[in-house]
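The structure appears right after this line, and notes come after that.
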């Protein structure tokens, strides 16, 4: 069946099938990312112009995405663009006058009154929340980098259920954040099912070789209906599926974006893997393709690339329907709207798709002729003439399917609301009339507007600086500006004074002065009310992680730190027993104890052997005191590090400082050492390795394989 007939068949089926968003979520709400599970970003709701700012929310610091981008670098003639963009802003959901968004800055889900901007409730997690929630039947569903999926009440934020898809609670350092080995980077998508009612879908994990998971659970109670845990073993363990980006659904299929590769498709009812196609960028793909962003329409997966969107048949993964130029795309009715950073265009979607197939074939013909054109004599001359003819033909059909075209750099986000198209860009949000392309409204914002939502008479813009801005019809006398937490640079955090305040404050100063450690990672054992963590944060640039075994105390500690604006930004809390701390080996530059500082006693259940594995080699320090008792040095000796560590008493503190790992080697030259032997003489590295950390500099500063593939060097604990 040809593409035109397939398009008509899809339109007919669209009238008959149950919509991709449950019926309850229709109307003026915006219950999930880009409004529905097709991720189209279109609503029939119209807004009255002009709009003005009603309120705005600012984060305590600018968000950092999970992955470093390429920063527009050009390699081999291709301009690299960031295609892992699922967490480029705090994207929102809006239902029944309440706005919900998660924060990757301070690890909190927030509920805001849409009319006033008033904070209604917060829910604290143990890791960044990178994707928008889904709101369904008075419940809010979301996932976090702590490896958990959460369901909380929409009205009060109370926990209803939570689920860990990964096999255990195990964390590592990911771009300077402490994250689960199996973080939730797909969000949670809800789809009604005739058999099970509402089903919640999500993925977990990012590294295919370390297992990734895909789950369908009952939305009501989190009961697992199916779980795919063998994805990493497929294709002789060469499967590249990394579930990252918002999931998409239709009546039978579940589409899973996969980072910078193309999406995978599964049977929604059973979790059965159906296909994950690869298309060559030099030919069938039409260019560099694959992203965390996609949408469903016309029976096609519209998959984002660096500079165009590729349409693939959702049932088969085959290409052929169309190639759409642009970095952003949305569809509404028979139209499509695309932006490439220079122009914004309205397209007759089917006519443009048909024409794009002709243009793509001409491009392929020209590439084939370019090789022949290098031949001497008549053959080469004929090929050159044919190339010119085909280029003229491409020029003649370039505008087929284009309804209107205007100049604008706005290409960060497109959404349609009634007869208006909203385009987010650097420093502004602009509205255009969909019939004429005429600009009808514009407003300034801080940063780039990468998230847009329209609901309940409001336009909400989310920017890459961490702002969430609400616009409403008419004028507002004085917009309400809200900031959650003081700016981190102010260091204005202070707990109310109590009998231990002076002792703990002095202890924090002594620890920092004696150890000289003021940056890196700090582990606090026996965190009490968080005072030591707060004082260490104020006096240093340490990233502080508190372990609290008691669930009630951990919750109270999180709330205290959140009230100061410290939680998730400078201080983090993990609720775990001391004998099963989920944090990684070798990460801590400094290990201390609030309990020890204020009482002179170690927390109950703390064993030196378990704690020692977290100490960073080559300088990591355990510091206990401030009044070192006679039994502290023997306790530290019980860590079992032997000659790996130096244990001493200094200024009334008992210190253990770790030295180099026995048998650890170095790689000081391009080929190992000065003799170019390509040997490191490292005897510790053996099989069954796993990811310990990952992070910057990322692809933006990596050496290109053709420019000069210089390998990294490692010596004395520095890479």
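In our numbering, the protein residues as written are 240 to 958. Quick reminder that beta carbons are idealized off the backbone N, C-alpha and C, glycines included. These numbers were taken from a predicted model, which means no experiment stands behind them.
Any non-hydrogen atom of the ligand ADP closer than 7 angstroms to residue i Cβ
i, result
"residue 601", "Inclusion of the ligand ADP in the displayed structure is not the case, the ligand content being empty and no account of it being possible."
Range of the contiguous alpha helix (DSSP H) that encloses residue i
i, result
"residue 593", "588-611"
"residue 837", "833-838"
"residue 848", "847-851"
"residue 271", "No alpha helix (DSSP H) contains residue 271, which DSSP labels as neither H nor E."
"residue 874", "871-876"
"residue 773", "770-778"
"residue 797", "790-803"
Expected contact under 8 angstroms - CB spacing of residue i and residue j to nearest Å
i, j, result
"residue 498", "residue 276", "Between residue 276 and residue 498 the Cβ distance is about 20 angstroms, and since that is not below 8 angstroms, they are no contact."
"residue 732", "residue 805", "6 angstroms"
"residue 656", "residue 331", "Incorrect: roughly 15 angstroms between the Cβ atoms, too far for contact."
"residue 854", "residue 897", "5 angstroms"
"residue 439", "residue 451", "Going by Cβ atoms, the distance from residue 439 to residue 451 rounds to 17 angstroms, so no, they are not a contact pair."
"residue 669", "residue 685", "Incorrect: roughly 16 angstroms between the Cβ atoms, too far for contact."
"residue 449", "residue 902", "Incorrect: roughly 25 angstroms between the Cβ atoms, too far for contact."
"residue 354", "residue 694", "Between residue 694 and residue 354 the Cβ distance is about 12 angstroms, and since that is not below 8 angstroms, they are no contact."
"residue 647", "residue 658", "About 18 angstroms; that fails the 8 angstroms criterion."
"residue 568", "residue 575", "6 angstroms"
"residue 453", "residue 470", "7 angstroms"
Residue burial classification, residue i (beta-carbon count within 10 angstroms, cutoff 16)
i, result
"residue 521", "exposed"
"residue 421", "buried"
"residue 955", "exposed"
"residue 916", "exposed"
"residue 477", "exposed"
"residue 913", "exposed"
"residue 298", "buried"
"residue 638", "exposed"
"residue 649", "buried"
"residue 636", "exposed"
"residue 404", "buried"
"residue 779", "buried"
"residue 951", "exposed"
"residue 384", "buried"
"residue 610", "exposed"
"residue 627", "exposed"
Helix, strand or coil at residue i according to DSSP, with G and I counted as helix
i, result
"residue 203", "Given that the chain is displayed from residue 240 to residue 958, the structure contains no residue 203 and the question cannot be resolved."
"residue 714", "coil"
"residue 633", "helix"
"residue 473", "helix"
"residue 409", "coil"
"residue 624", "helix"
"residue 277", "coil"
"residue 817", "helix"
"residue 448", "helix"
"residue 376", "coil"
"residue 203", "With the chain represented from 240 up to 958, any question about residue 203 goes unanswered, as that position is not in the structure."
"residue 939", "helix"
"residue 502", "strand"
Run of the beta strand (DSSP E) containing residue i, from where it starts to where it stops
i, result
"residue 754", "Unbroken run through residue 754 is the alpha helix (DSSP H), 740-754; no beta strand (DSSP E)."
"residue 561", "558-564"
"residue 673", "Element bounds for residue 673: n/a, residue is neither H nor E."
"residue 433", "Neither: residue 433 is in no beta strand (DSSP E) and is coded neither H nor E."
"residue 513", "512-514"
"residue 922", "That residue, residue 922, is in no beta strand (DSSP E); it is neither H nor E in DSSP."
"residue 341", "337-341"
"residue 389", "388-392"
"residue 576", "574-578"
"residue 294", "290-297"
"residue 547", "547-552"
Same chain, Cβ closer than 6 angstroms to residue i, five either side skipped, listed in chain order
i, result
"residue 841", "835"
"residue 561", "550, 592 and 595"
"residue 291", "714 and 715"
"residue 202", "The chain is shown only over 240 to 958; residue 202 falls outside these bounds and no answer can be derived."
"residue 356", "294, 719 and 721"
"residue 895", "861, 875, 884 and 886"
Chain-order list of residues whose beta-carbon lies under 8 angstroms from that of residue i (same chain, five-residue window excluded)
i, result
"residue 734", "740, 768, 769, 770, 773, 799 and 803"
"residue 848", "877, 878 and 879"
"residue 524", "518, 544, 549 and 558"
Own chain, CB closer than 7 angstroms to residue i, minus 5 neighbours either side, in chain order
i, result
"residue 399", "378, 390, 391 and 392"
"residue 826", "412, 760, 853 and 855"
"residue 676", "585, 643 and 645"
"residue 923", "900, 902 and 903"
"residue 919", "904, 905, 906 and 911"
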